[in-house]
Ligand code: HEM
């Protein structure tokens, strides 16, 4: 009988062999689209390994070599056709029968194993977020504020002269604060639940490639082994299922009034859906929200710590004025935090979550109009950074100017939405675009603005001496992750609890 680790090693080797075969098949069929790296399978693998850790350099190399044309990025999960900005509209407007979003998500996350198979066919949680949850956002503001004050005050008091590890701290804060309105006060303050739900969200993207590389019959076993090592859905479900059983009863007997995100999901559940099925939907929302928002707030704090005293004071004044004019912490007041909003939008432009946008599986052969084509069933994506760093669109594009958009808003005298954080347009793609653009971005914006405004008003944020520069990001497989070791000091200011 093989030991646990021997089994894992055997699966890894089989998976590598199958990936090799898959890659071999894939490279002989790229529709004439040029590929990064040397020819042959070894050239493919070498370039795929380079992509894994040097994604930005690989994209720059492709842009330079194949200016304005599509090119293939070799990845360990198979080739990805990176399309230049001129194809954005075609992919954005294309129906799912041509450019399928869910199949691309499934390639990356292996949903039937990491969550369940229903996530593929009926992803109604996105509709619930776009309708019921968006409508409930004004009523979430006081609760998110209350949890932010409590959680941050508790957490930041531990900040000594070395500061706090920002990414990890923010991930736990986001999990706690979001869950105040997803599952309510009790579960959001349960440390063990927070720990297992963060672990679940953290590890999906890491274990999914191994499942993807394995043959179908081995996938349940691969998931079982890897999730036992790194953390899967089982541990958070132990909290969420009993919570839902109780809550469904309370809603039915009228003991509870629905306004939690989980209530709206329960109300939209399919007739045949089990409580566990509903719980997995909610874990899907946890996955979609925890890492995205924690990356954004971490990157924003890295930049805020470098601002001048005058700029920080301007942000504070604007927040106070908005709160005074709108009678305190309300949704209309958050809409007037123009500088915080601009900072978040600029973080999305400069960093975002990935180097590319709109990952899709092209279900039909896609003629690129230059004699080449993308073969059916290939992964495509748009070269987002070519748009975000285009000097014709964004002057001085490599400067991260947190007030770029609030200044533009004043200069052009435009209304609040044109340069708003959650406004998706053909020049701004961190939330994707089209019918699948992020369903939770209004929620994320509300939460991030409250957290940042509270920090800006009540703390001085700075790097521990002698650090004077923001840390380098970590690039993994096209994803942009803030340095997980970097620290910041959160020094309490003269506490003015008026705000
Ligand atoms: C700053 C924070 C966030 C960023 C940058 C972000 C980014 C994205 C991106 C890039 C997509 C894919 C869009 C596409 O392919 O066209 C997406 C989809 C999605 N996001 Fe977010 N997200 C954030 C926060 C959230 C939050 C807080 C939630 C839940 C409360 C959420 C729920 C979803 C869902 C359900 C989808 C799938 C939409 C669909 O398939 O129709 N996201 N998000």
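In our numbering, the protein residues as written are 151 to 649. We treat Cβ as the ideally placed atom computed from N, Cα and C, and that holds for glycine. The structure displayed is predicted, hence computed values, not measured ones.
For residue 359, the enclosing alpha helix (DSSP H) stretches over residues 341-363. For residue 379, same chain residues with a beta-carbon under 6 Å away, outside a window of 5 residues either side, do not exist. Using a 10 angstroms sphere on the CB of residue 359, the tally of other CB atoms reaches 16 or more, which defines it as buried. Secondary structure in the stretch 176-254: the beta strand (DSSP E) runs of 3 residues or longer, each lying completely within the stretch, are 221-223, 230-233 in chain order. If you ignore the 5 residues before and after residue 634, its C-beta comes within less than 6 Å of the C-beta of 317, all in its own chain and listed in chain order. Per DSSP, the unbroken alpha helix (DSSP H) holding residue 461 starts and ends at 459-475. Under the Cβ criterion (8 Å, minimum of three pairs), the stretch 635-643 counts as touching the stretch 310-325. In this structure, residue 509 sits near residue 529, with a CB-CB distance shorter than 8 Å.
With a threshold of 7 Å, the Cβ atom of residue 580 counts as near the ligand HEM, since some heavy atom of the ligand is closer than that. In this model, residue 198 and residue 627 are separated by some 9 Å (Cα to Cα). Restricted to the stretch 375-459, the alpha helix (DSSP H) segments that are unbroken, complete and at least 4 residues in length are 384-403, 411-418, 425-454, listed in chain order.
Rounded to whole angstroms, residue 552 and residue 477 show a C-alpha spacing of 27 Å.
With a cutoff of 7 Å, residue 442 counts as near the ligand HEM, since its C-beta is closer than that to a heavy atom of the ligand. In this structure, DSSP gives residue 330 a helical state, which the three-state scheme calls helix.
Per DSSP, residue 294 is not a residue of any beta strand (DSSP E); the alpha helix (DSSP H) it occupies stretches across 284-306. Here residue 580 is buried. Its C-beta has 16 or more other C-beta atoms within 10 Å.
In this structure, the C-beta of residue 439 approaches the ligand HEM to less than 7 Å from one of its heavy atoms.
Counting only the Cα atoms, residue 441 lies some 34 Å from residue 184.
Between the alpha carbons of residue 557 and residue 328 lies a gap of roughly 30 Å.
By the Cβ test, the stretch 572-592 is in contact with the stretch 241-259, since at least three Cβ pairs between them sit closer than 8 Å. In the structure shown, residue 272 falls within a coil segment according to DSSP collapsed to helix, strand and coil. Straight across, the Cα-Cα distance linking residue 569 with residue 560 is about 10 Å. One Cα belongs to residue 421, the other to residue 428, and the distance between them is close to 11 Å. Taking the Cα positions, residue 395 is about 22 Å away from residue 279. In this structure, the beta-carbon distance from residue 226 to residue 202 falls below 8 Å.
Annotation for residue 528: the continuous beta strand (DSSP E) segment containing it runs 528-532. Beta-carbon to beta-carbon, residue 263 and residue 373 are separated by about 4 Å, close enough to satisfy the 8 Å threshold. For residue 585, no alpha helix (DSSP H) segment is defined, and its DSSP state is neither H nor E. Note that the C-beta distance between residue 469 and residue 487 is below 8 Å. The three-state secondary structure of residue 641, taken from DSSP, is strand. Annotation: the continuous alpha helix (DSSP H) that includes residue 606 extends over 591-608. Cβ contact annotation for residue 204 (same chain, cutoff 8 Å, sequence separation greater than five): 625, in chain order.
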